[in-house]
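S.K.: One point on numbering: in the working numbering, the residue at position 258 of the sequence shown is 361, and numbering is uninterrupted.
Got a structure here, written out as structure tokens. Questions coming.
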Amino acid sequence: MTWTAGARLAACDVTIGKLLFRLAGLRVERVSTDPETVKITAFTREDARRACPGCGQESDWVHSRYVRHVADESIGGRPVVIDLSVRRLYCENADCPRTTFVEQVSGLTARYQRRTPALRKMVEAVAVALAGSAGARLLGVLHQTLSAASVLNCLMRMPLPDRLTPVVAGIDEFALLKGHRYATVITNADSGERIDVLPDRLGVTVTAWLREHPGVRVVCRDGSGSFAQAITEADPTIVQVGDRWHLWHGLAGTVLKEVGAHASCWACLVDPYRAHLRRRCTEDPAVPVTHLLAEIWEQGYTGSANLLVRYINQGRVEADHSALSPRKVTGLLTCRPGRLSDDQRALHDQLTGACPQMTVLADQILTFTELLVPHEDNSGKLTVWIDLTRAAGLPFLHSFANGLERDRAAVEATLTLPWHNGRTEGANTKIKFLKRLMYGRAGHRLLRQVVLLN
Ligand SMILES: [Zn+2]
Ligand SMILES: [Zn+2]
């Protein structure tokens, strides 16, 4: 179907102008459609005055005309190509360094662009969200044929947002290829905004970045300390804040080892009598609990009647596996006391009473939990905690305390200052998602682009 110049032209102008408001200021000469495309032939108006990009003065003094082919968003499932005749105009300002300039039509053309701003925005949005191949596939569904390479080109040409160097930065590494290649993300620890992605996790790279970005006063990092030296080297006055989650995670791992070492003290409590209880319950299903209690007391059981009742009621007599494992015990000991049910609370108390070391272990866990709420007094409390731990006869916890002492300044900052690496960890989770989206094949430049634009 074709409308041509002539009597129907004015009507055509109005219709197209209404349909595509960005053509409203143009003279539309012809609209032709075939099964593949919609083609619009249009001219800029002779009387339209345009500002010179060199000096800003408006002009309508025509030097020449030429036709630009501009792709636009599809209509009715067909891509749109606008063959637009534009003018090269003389600049009327004698002092302007430009003699001529090509007019641009707002909302339709931009220098060196073959797509309208609306279409470019769409392609960029898809490129940022899906990158190369997946982006090209989605654009195909939207009736825009672009190769994966073109989508990537578009993505790589997008300017990165200007981001201020944060005063409080977060830093964390992430695997590009687990065990082989790593990269580092730097964030604004307050807002979680991603500031930069470094191509590796080497100290020299981090040091160089910090030197190129003066103004960082605090760096939140994980507890591994791999970045500690790099930060000190860049600027020893930067306050380093460790990460509360990593401290807690480290403590929980240590508790698991201690609990395992004291298994003979707590794996006691009812389980050693399971074989006896199971035999008795099979022989006489109605046997009173008081009888069972008396029998196992005789065999050395030191737990309470309540514990035995719960043990029976929870079906553990018939269970195939031991009810308590070091992991379960660790879970109970490291659980916030307020979150324990009455049953768990009772078991917790039994466990902590199993031997003097288990008692100290439980106390030290509780005190450490309190230290994880930042407060200026925590510095002194940490010293007390480390001293008590070293005297407690808990070798694994002892070496954990030694580790804290080695990273003392950062640990102390973690326990006394309000900042933390939580937002960086969040940014890292997002990066892992983006990495998978690109099938883990993106190089550093592409990944950096996607991470910083998303
Ligand atoms: Zn000019
Ligand atoms: Zn023990």
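Positions of the beta carbon are idealized from the N, C-alpha and C atoms, including for glycine.
For clarity, every value in this text was computed on a predicted model and none was experimentally measured.
Tell me which residues share the same chain as A151 and place their Cβ nearer than 8 Å to its Cβ, disregarding the 5 neighbours each side in the sequence.
M.R.: Sequence index remark: in the sequence shown, residue 151 carries index 48 (1-based). If we look at A151 and ignore the five residues flanking it on each side, its Cβ neighbours are G128, D163, E206.
S.K.: Can you look up L540 in the DSSP assignment and give me helix, strand or coil?
M.R.: Position 437 of the sequence shown, counted from the start, is the residue given in the question as residue 540. If DSSP states are grouped into helix, strand and coil, L540 belongs with the helices.
S.K.: Under 8 Å by Cβ, that's how I've got V189 and R168 pegged, so tell me the actual separation to the nearest angstrom.
M.R.: Looking up residue 189 in the sequence shown gives position 86. Looking up residue 168 in the sequence shown gives position 65. Rounded, the Cβ-Cβ distance is 7 Å, consistent with contact.
S.K.: DSSP has V170 in a bridge; who is on the other side?
M.R.: By one-based count along the sequence shown, residue 170 stands at place 67. Per DSSP, S188.
S.K.: Quick one: using the 10 Å Cβ neighbour count with 16 as the cut-off for buried, is D275 buried or exposed?
M.R.: By one-based count along the sequence shown, residue 275 stands at place 172. Flag for D275 reads buried.
S.K.: Using three-state DSSP, classify A213 as helix, strand or coil.
M.R.: In the sequence shown, counting from the first residue as 1, residue 213 sits at position 110. The answer is coil: DSSP assigns A213 none of H, G, I, E or B.
S.K.: Starting from L301, trace the beta strand (DSSP E) in both directions and tell me its first and last residue.
M.R.: For the purposes of this step, residue 301 is identified with residue 198 of the sequence shown, where counting begins at 1. For L301, the enclosing beta strand (DSSP E) stretches over residues 297-301.
S.K.: Output the boundary residues of the alpha helix (DSSP H) element that contains R430.
M.R.: Within the sequence shown, the letter at position 327 stands for residue 430. Note, R430: alpha helix (DSSP H), 429-437.
S.K.: According to the Cβ coordinates, are A457 and W369 closer than 7 Å?
M.R.: If you number the sequence shown from 1, residue 457 lands on position 354. If you number the sequence shown from 1, residue 369 lands on position 266. Result yes, Cβ atoms of A457 and W369 sit closer than 7 Å.
S.K.: Note down the Cα distance separating A449 from T472, rounded to an integer number of angstroms.
M.R.: As a first step, residue 449 must be located in the sequence shown, where it is residue number 346. As a first step, residue 472 must be located in the sequence shown, where it is residue number 369. For A449 and T472, the distance between alpha carbons rounds to 20 Å.
S.K.: Is R201 near ligand 1, judged by its Cβ being under 6 Å from some heavy atom?
M.R.: In the sequence shown, residue 201 corresponds to position 98, counting from 1. Remark: the C-beta of R201 is in contact range of ligand 1, defined as less than 6 Å to any heavy atom.
S.K.: Just to confirm the assignment, what range does the beta strand (DSSP E) spanning D452 have?
M.R.: Reading the sequence shown from its first residue, position 349 is the one you call residue 452. It is not in any beta strand (DSSP E) - D452 instead sits in the alpha helix (DSSP H) that spans 445-455.
S.K.: First and last residue of the alpha helix (DSSP H) that includes G363?
M.R.: By one-based count along the sequence shown, residue 363 stands at place 260. 347-364 is the span of the alpha helix (DSSP H), which, as asked, contains G363.
S.K.: Tell me which residues pass a beta-carbon proximity test against ligand 2: closer than 5 Å to any heavy atom, given in chain order.
M.R.: Every residue whose Cβ sits closer than 5 Å to any heavy atom of ligand 2 is listed here in chain order: H365, C368, C458, Q460.
S.K.: Less than 7 Å between the C-beta atoms of V165 and A145, yes or no?
M.R.: The count along the sequence shown starts at 1 and reaches residue 165 at position 62. The count along the sequence shown starts at 1 and reaches residue 145 at position 42. No, the Cβ-Cβ distance between V165 and A145 is not below 7 Å.
S.K.: For a test of your reading of the model: does the CB of G157 fall under 6 Å from any non-hydrogen atom of ligand 3? Yes or no.
M.R.: You won't find ligand 3 in this model; what it holds is ligand 1 and ligand 2.
S.K.: I'd like the span of the beta strand (DSSP E) that includes I274, first residue to last.
M.R.: For this step, residue 274 is matched to residue 171 along the sequence shown. Residues 271-280.
S.K.: Tell me the residue span of the beta strand (DSSP E) that contains V205.
M.R.: Position 102 of the sequence shown holds residue 205. In the DSSP assignment, V205 falls within the unbroken beta strand (DSSP E) covering 203-205.
S.K.: Here's the rule: buried if 16 or more other CB atoms are within 10 angstroms of the residue's CB, otherwise exposed. What is G243?
M.R.: Here residue 243 corresponds to residue number 140 of the sequence shown, with the count starting at 1. Exposed, since its Cβ has fewer than 16 Cβ neighbours within 10 Å.
S.K.: Pick helix, strand or coil for E195, following the three-state DSSP scheme.
M.R.: Sequence index remark: in the sequence shown, residue 195 carries index 92 (1-based). Coil.
S.K.: In the DSSP output, which residue or residues are listed as bridge partners for Q343?
M.R.: In the sequence shown, the residue the question calls residue 343 occupies position 240. DSSP lists V322 as the beta-bridge partner residues of Q343.
S.K.: Quick one, are the C-beta atoms of V271 and D293 less than 7 Å apart?
M.R.: Residue mapping note: residue 271 aligns to position 168 of the sequence shown, counting from 1. Residue mapping note: residue 293 aligns to position 190 of the sequence shown, counting from 1. Yes, they are a contact pair.
S.K.: Using only the heavy atoms of ligand 1, determine whether one of them is closer than 6 Å to the beta carbon of C323.
M.R.: The residue labelled residue 323 in the question sits at position 220 within the sequence shown. Answer for C323: no, Cβ out of range of ligand 1.
S.K.: Under the DSSP definition of a beta bridge, which residues are partnered with V288?
M.R.: Position 185 of the sequence shown, counted from the start, is the residue given in the question as residue 288. The partner list for V288 (beta bridge, DSSP) reads D275, V300.
S.K.: Give the range of the alpha helix (DSSP H) segment to which A397 is assigned.
M.R.: Here residue 397 corresponds to residue number 294 of the sequence shown, with the count starting at 1. Unbroken alpha helix (DSSP H) run through A397: 392-401.
S.K.: What first and last residue would you give for the beta strand (DSSP E) that runs through V134?
M.R.: Here the question's residue 134 lines up with position 31 in the sequence shown. Where V134 is concerned, the enclosing beta strand (DSSP E) stretches over 129-136.
S.K.: What's the call for R297, buried or exposed, on a 16-neighbour Cβ count within 10 Å?
M.R.: Numbered from 1 along the sequence shown, position 194 holds the residue referred to as residue 297. With 16 or more Cβ atoms within 10 Å of its Cβ, R297 is classed as buried.
S.K.: Does the separation of the CB atoms of V342 and I334 fall below 7 Å?
M.R.: Residue 342 sits at position 239 when you count from the first residue of the sequence shown. Residue 334 sits at position 231 when you count from the first residue of the sequence shown. Contact: no.
S.K.: For the beta strand (DSSP E) containing S147, list its first residue and its last residue.
M.R.: As a first step, residue 147 must be located in the sequence shown, where it is residue number 44. The residue asked about is misnamed: residue 147 is Thr in this sequence, not Ser. First-last of the beta strand (DSSP E) with T147: 141-147.
S.K.: Which first and last residues belong to the alpha helix (DSSP H) in which M259 is found?
M.R.: The sequence position of residue 259 within the sequence shown is 156, counting from 1. Looking at the DSSP string, the run of the alpha helix (DSSP H) that includes M259 is 251-260.
S.K.: Is S294 helix, strand or coil when you go by DSSP?
M.R.: As a working mapping, residue 294 is identified with position 191 in the sequence shown. Here S294 sits in coil by DSSP.
S.K.: Look at the alpha carbon of Y215 and the alpha carbon of H172, and state the distance between them as a whole number of angstroms.
M.R.: As a position in the sequence shown, residue 215 is number 112, starting the count at 1. As a position in the sequence shown, residue 172 is number 69, starting the count at 1. For Y215 and H172, the distance between alpha carbons rounds to 11 Å.
S.K.: What is the DSSP secondary structure of V514, reduced to helix, strand or coil?
M.R.: Locating residue 514 in the sequence shown gives position 411, counting from the first residue. If DSSP states are grouped into helix, strand and coil, V514 belongs with the helices.
S.K.: In the DSSP output, what is I178 paired with across the bridge?
M.R.: The sequence position of residue 178 within the sequence shown is 75, counting from 1. Looking at the DSSP output, I178 shares a beta bridge with R181.
S.K.: Tell me, please, whether the stretch 405-421 touches the stretch 387-396 by the rule of three or more beta-carbon pairs shorter than 8 Å.
M.R.: yes
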